[in-house]
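Q: Pasting in a structure now, in structure tokens, and then I'll have a few things to ask.
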Amino acid sequence: MTPALNDIDFADMGRTCLGHAARRTANLLTRHYNRHMAALGLELTQAQLLAVIADGTAPSASAIARYLGIDRSTLARNLRPLEAAGLIRRRETKGRTVLPILTPAGEQKVVEIHQRWLAAQAELSAMLGPEGADAVRSHMSALRKAVHILEDNDRTAVPSPSRRD
Numbered sequence: 001m002t003p004a005l006n007d008i009d010f011a012d013m014g015r016t017c018l019g020h021a022a023r024r025t026a027n028l029l030t031r032h033y034n035r036h037m038a039a040l041g042l043e044l045t046q047a048q049l050l051a052v053i054a055d056g057t058a059p060s061a062s063a064i065a066r067y068l069g070i071d072r073s074t075l076a077r078n079l080r081p082l083e084a085a086g087l088i089r090r091r092e093t094k095g096r097t098v099l100p101i102l103t104p105a106g107e108q109k110v111v112e113i114h115q116r117w118l119a120a121q122a123e124l125s126a127m128l129g130p131e132g133a134d135a136v137r138s139h140m141s142a143l144r145k146a147v148h149i150l151e152d153n154d155r156t157a158v159p160s161p162s163r164r165d
């Protein structure tokens, strides 16, 4: 190893990195919820997507993608199997906007999703207790806000192409 690499404490990076901690936690949580959704033939991402569609407040597919924190191509990939399974269909709205909506089979699936979600949520909430669950949500929210602020700062700090430094 080069001397510069010898000076890096990689174990400390792993212990203290917020991104690493969030990724590990997200993976574990996804596995927990996936175990509950498996009986429905769904993964958590599909269940969340169906729930957002069921909510009916998103005015566009772009809004659904934004809410879920995914890009449009990921949304399109996740919609295809749901449409093939007969759980959603596409409804054309004004202009070229296409909005996914639930079919009757999709509506029933969302009821089943909710029952499974309640069980998964209850297990975690029981382990954490009400105060612990609230603290986790609060800290996660604060972390998301901090990253959004940093992203906004990065966007405003990037010089325009016409500007020279």
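All letters in the sequence shown, in the order written, are residues 1 to 165 by UniProt numbering.
In this text, a Cβ means the ideal position worked out from N, Cα and C, and glycines have one as well.
Just so you know, these numbers come straight off a predicted model, no measurement behind them.
Go through its chain and collect everything with a Cβ distance to residue 8's Cβ below 6 Å, but skip five positions before and after it.
A: So the list is empty, once near-sequence residues are dropped.
Q: With a CB to CB cut of under 8 Å and the five nearest residues on each side skipped, what residues in its chain are close to residue 83?
A: So the list reads 89, 90 and 100, once near-sequence residues are dropped.
Q: Let's see if you can read the secondary structure: which residues bound the beta strand (DSSP E) around residue 96?
A: Where residue 96 is concerned, there is no enclosing beta strand (DSSP E), given that its DSSP letter is neither H nor E.
Q: Looking at the structure shown, is residue 113 part of a helix, part of a strand, or coil, going by DSSP?
A: Here residue 113 sits in helix by DSSP.
Q: Does the region 21 to 40 come close enough to the region 58 to 73 that 3 or more CB-CB pairs lie under 8 Å?
A: No, because fewer than three Cβ pairs between the region 58 to 73 and the region 21 to 40 fall closer than 8 Å, the two stretches do not touch.
Q: Would you kindly work out how many angstroms separate the C-alpha atoms of residue 27 and residue 102, rounded to a whole number?
A: When rounded, the distance between both Cα atoms is 28 Å.
Q: Taking only the alpha-carbon atoms, compute the straight-line gap between residue 67 and residue 55 and give it to the nearest angstrom.
A: Each residue's alpha carbon lies about 12 Å from the other.
Q: Look up residue 53 in the DSSP assignment and say whether it is helix, strand or coil.
A: Helix, per DSSP.
Q: Count the other CB atoms within 10 Å of the CB of residue 47; is the residue buried (16 or more) or exposed (fewer)?
A: With 16 or more Cβ atoms within 10 Å of its Cβ, residue 47 is classed as buried.
Q: Measure from the alpha carbon of residue 85 to the alpha carbon of each residue in 114, 105 and 93, then state which is nearest.
A: Ranking 114, 105 and 93 by Cα distance to residue 85 puts 105 first.
Q: Please report the distance separating the alpha-carbon of residue 132 from that of residue 139.
A: Roughly 10 Å separates the two Cα atoms.
Q: What alpha helix (DSSP H) runs, 4 residues minimum, are completely inside the UniProt domain "HTH marR-type" (15 to 152)?
A: Here the runs fully enclosed are 18 to 37, 44 to 55, 61 to 68 and 72 to 84.
Q: Spatial neighbours of residue 163 within its chain, please: C-beta separation below 8 Å, excluding the five flanking residues on both sides.
A: Caution applies to residue 163, whose pLDDT of 40 falls short of 50 and renders its modelled position unreliable; the model cannot decide the point.
Q: Taking residue 93 as the reference, which of 61, 80 and 81 has the closest Cα?
A: Nearest C-alpha to residue 93: 61.
Q: Compute the distance between the beta-carbons of residue 49 and residue 112, then report whether it is under 7 Å.
A: Cβ atoms of residue 49 and residue 112: not closer than 7 Å.
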